[in-house]
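In this note's numbering, the protein residues as written are 1123 to 1676.
Following this line, the structure appears as structure tokens:
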């Protein structure tokens, strides 16, 4: 049932600013907590304004936490902006454990299952992929050669998404004598679409090629981390096996990769084929062996079929990108409620992007199951931020121009809203990149806030579905794990339906509650995990993969 759509909102009772839920004109009368005042200037939807006169250096609170301090005094009804607000966040320390939480009603999901791929180590995948991976950038060309040889022939090439048909249309018009102006006016929407070739291996979702620019020439720390990241992909529940191409002389040695695989899965038994070009000799020798091994591996992977699994076998990665002023009050808290449901059912969730936890460290550290876990979280936050500041940056520089334009004025405002994705359950594990973070409960994984680097890391850590909220629209995907896009507002959902799967603007519009949205999202997740639905990122072949160089990336 549709509820009354509010014009503005106080998120937490401690907050001394309100959020505009729609564009408010200068002079708009505001009535709040027995006070009456007018807006001093226009306040666009998603932005904040003061509810009382505030002196210079006055702390500003949102979500009940400190998010900034005023650069100069403001009257009631003043717009909060980058000119009058600077980043500020409370210090944090080792506090008392706060592990009590209100578990949500999960009766609607008890006994529900999804159809996944059961692996010998007890994990269950939501997809079944074969990987082709270079250990070093020198092998990227060979990987692309394999991609050209295998992808289209085996039926894994995404149909009509390379826009070659549109180019064919332009060529035909040009050859027919079209002028420059004529070419610019041609409607390409009616260009013939290519047909998707049927898959030779019906039970294999894809062959994925993970090119990167690392493996040698950088620090040993980065090449070792790359091997750990790649091991996370090889051992991932969504992967049936892998073909590895090595040059031979690089830092990222095949032996390091095998050691990292053993650390993550001591009884690893998937097909793994490693070919070293400097041993094989000619490119043809290398390619022939790699093609034969990959084809044989796919035939073996095709023998696996989906079977029912309980929801505790899901591992959900939580991500946000292109965030806006509605992220923390619609899509992110909806994911938080879903996270609490899954944790109650015994499943796993991963909250990452440590620069976007700035300002909520105390709450999260207090929620850690023991002091050692809390200390690890605080130490990772402090070391990461100190390294960023030493290099001339800092967590306070995390918001992008798009974030700021749409209401996320300081990093603490952005972080307080981003953290809502993690719900309210205790933190059961804190994990450094690029290790596994798939323990039952809420896992904190140290990654940058960069969308693709963080999503890449969450999948390596074990995420079998990634839920990605966006207020501005972001086309990020992943090669092996379905990435589900959720808009924080209805306009962006209607404007970008080709990349967004679920609209959480319904919460802002008063059409459903956070709990109702969470239930709707989880129902969709179950269908995706069963292979019954394909998120837009999968349909588009959005296979983004960027390893994190442990230098500063926010």
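The C-beta atom is built at its ideal place from N, Cα and C for all residues, glycine as well. Bear in mind the structure is a predicted one, so any value in this text is a computation, not a measurement.
{"query": "Exposure label - residue 1389; buried when at least 16 CB within 10 Å", "result": "exposed"}
{"query": "Helix, strand or coil at residue 1380 according to DSSP, with G and I counted as helix", "result": "helix"}
{"query": "For residue 1184, the residue or residues it bridges with in DSSP", "result": "1187"}
{"query": "Which of helix, strand or coil DSSP assigns to residue 1207", "result": "strand"}
{"query": "Sequence-distant residues of its chain with Cβ nearer than 7 angstroms to residue 1123 (five each side left out)", "result": "At residue 1123, the pLDDT of 48 sits below 50, so the modelled position is not reliable; the number obtained from the coordinates is stated separately. Excluding sequence neighbours, residue 1123 sits near nothing in its chain."}
{"query": "At least three beta-carbon pairs within less than 8 angstroms, the region 1376-1386 to the region 1268-1277", "result": "no"}
{"query": "Beta-carbon proximity check, residue 1264 vs residue 1367, cutoff 7 angstroms", "result": "yes"}
{"query": "Residue burial classification, residue 1183 (beta-carbon count within 10 angstroms, cutoff 16)", "result": "buried"}
{"query": "Backbone secondary structure at residue 1634 - three-state DSSP", "result": "coil"}
{"query": "Bounding residues of the beta strand (DSSP E) (the contiguous stretch that carries residue 1440)", "result": "1437-1442"}
{"query": "Short Cβ contact (7 angstroms threshold) for residue 1538 with residue 1187", "result": "yes"}
{"query": "Rounded Cβ spacing between residue 1453 and residue 1610 (contact assumed at less than 8 angstroms)", "result": "4 angstroms"}
{"query": "Residue from 1551, 1523 and 1329 whose Cα sits closest to the Cα of residue 1278", "result": "1329"}
{"query": "For residue 1695, the nearest candidate out of 1508, 1212, 1503 and 1528 (CA to CA)", "result": "A question about residue 1695 goes unanswered here, because the residues of the chain that appear run from 1123 up to 1676."}
{"query": "Residue environment, residue 1194, which counts as buried when at least 16 other CB atoms sit within 10 Å", "result": "exposed"}
{"query": "Within 7 angstroms, strictly: CB atoms of residue 1365 and residue 1258", "result": "no"}
{"query": "Best match in 1521, 1581 and 1465 for proximity to residue 1549 [C-alpha to C-alpha]", "result": "1465"}
{"query": "DSSP beta-bridge partners of residue 1398", "result": "1368"}
{"query": "Spatial distance of residue 1185 from residue 1572 (CA atoms)", "result": "23 angstroms"}
{"query": "Candidates 1173, 1607 and 1213: closest to residue 1138 by CA position", "result": "1173"}
{"query": "Presumed contact (8 angstroms Cβ cut-off) between residue 1606 and residue 1590, rounded CB distance", "result": "7 angstroms"}
{"query": "DSSP three-state assignment for residue 1505, whether helix, strand or coil", "result": "helix"}
{"query": "Beta-carbon proximity list for residue 1646, same chain, < 8 angstroms, skipping 5 on both sides", "result": "1606, 1623, 1624 and 1655"}
{"query": "Secondary structure, alpha helix (DSSP H): runs of 4+ residues fully inside the region 1324-1372", "result": "1342-1356"}
{"query": "C-alpha distance - residue 1397 paired with residue 1460, whole-angstrom precision", "result": "43 angstroms"}
{"query": "Option nearest residue 1256 by Cα separation, candidates 1535, 1442 and 1372", "result": "1372"}
{"query": "Unbroken beta strand (DSSP E) run spanning residue 1139, endpoints", "result": "1139-1142"}
{"query": "Identity of the residue in 1562, 1480, 1638 and 1154 nearest residue 1570 by Cα", "result": "1480"}
{"query": "Span separating the alpha-carbon of residue 1297 from that of residue 1620", "result": "32 angstroms"}
{"query": "Same chain, Cβ closer than 7 angstroms to residue 1456, five either side skipped, listed in chain order", "result": "1626, 1629, 1636, 1639, 1640 and 1643"}
{"query": "Residue 1442 to residue 1216 span [Cα, whole Å]", "result": "28 angstroms"}
{"query": "Top-ranked residue by Cα proximity to residue 1533, from 1561, 1189 and 1653", "result": "1189"}
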